[in-house]
Amino acid sequence: MQLIKAIVRPNKVDEVKEALEKVGVTGMTVTEVRGHGQQKGHTAIYRGKEYAVSLLPKMQIETVVADSDVETIIRALVGAARTGEIGDGRVYVTPVMQSYKIRTGERES
-11 MQLIKAIVRP
-1 NKVDEVKEAL
9 EKVGVTGMTV
19 TEVRGHGQQK
29 GHTAIYRGKE
39 YAVSLLPKMQ
49 IETVVADSDV
59 ETIIRALVGA
69 ARTGEIGDGR
79 VYVTPVMQSY
89 KIRTGERES
């Protein structure tokens, strides 16, 4: 099993969710996060005063998938999230050694 964690633009979440569902992803966790990479934030004006916004709003999508499905899922995810501009996000893949169902205590590996 592999954990796929993607940080994407907030306006791309619905497109990513639909793309993942089309390739068979049945469960995911979506979290509001803040951060920056190359984009480094921007300046904004509030009530006539300029201020720096260094941590930009993003969405984090996480799902655990079978090893054999990773490449297909990443292609779908990246295809749905990409705009071609700085700030599109990042995808991380991490091995999952085992998981447990809380309700039953059943172990999956």
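Numbering (my numbering), first residue to last: -11 to 97.
Built from N, CA and C at the ideal position, the CB exists for glycine as well.
### Query
Using the C-alpha atoms, what's the distance from residue 97 back to residue 73?
Here residue 73 refers to the residue found at position 85 when the sequence shown is read from its first residue. Here residue 97 refers to the residue found at position 109 when the sequence shown is read from its first residue. C-alpha separation (whole angstroms): 38 Å.
### Query
Which ranges would you report for the beta strand (DSSP E) in the stretch -4 to 48 if only whole runs of at least 3 residues count?
17 to 23, 30 to 34, 37 to 41
### Message
What residue range does the beta strand (DSSP E) around residue 77 cover?
### Response
Indexing the sequence shown from 1 puts residue 77 at position 89. 77 to 83 is the span of the beta strand (DSSP E), which, as asked, contains residue 77.
### Query
Span of the alpha helix (DSSP H) holding residue 67?
Residue numbering aside, residue 67 sits at position 79 when the sequence shown is read from its first letter. Its alpha helix (DSSP H) spans residues 58 to 69.
### Query
In the DSSP assignment, what are the bridge partners of residue 86?
If you number the sequence shown from 1, residue 86 lands on position 98. Looking at the DSSP assignment, residue 86 forms no beta bridge with any residue, so it has no partner.
### Query
For the 8 Å Cβ check, are there 3 or more pairs between the stretch -6 to 5 and the stretch 75 to 83?
yes
### Query
Sorted by chain position, which residues of the same chain lie with C-beta nearer than 6 Å to residue 1's C-beta, five sequence neighbours on each side aside?
Looking up residue 1 in the sequence shown gives position 13. Only 47 meet the Cβ criterion.
### Message
Measuring only the C-alpha atoms, how far is residue 18 from residue 4?
### Response
Residue mapping note: residue 18 aligns to position 30 of the sequence shown, counting from 1. Residue mapping note: residue 4 aligns to position 16 of the sequence shown, counting from 1. Their backbone Cα atoms lie some 11 Å apart in a straight line.
### Nearest candidate by alpha-carbon position, reference residue 52, set 42, 85, 40
For the purposes of this step, residue 52 is identified with residue 64 of the sequence shown, where counting begins at 1. Closest by alpha carbon: 85.
#### Entry: Best match in 26, 57, 49 for proximity to residue 43 [C-alpha to C-alpha]
Translated into positions along the sequence shown, residue 43 becomes position 55. With distances taken between Cα atoms, residue 43 lies closest to 26.
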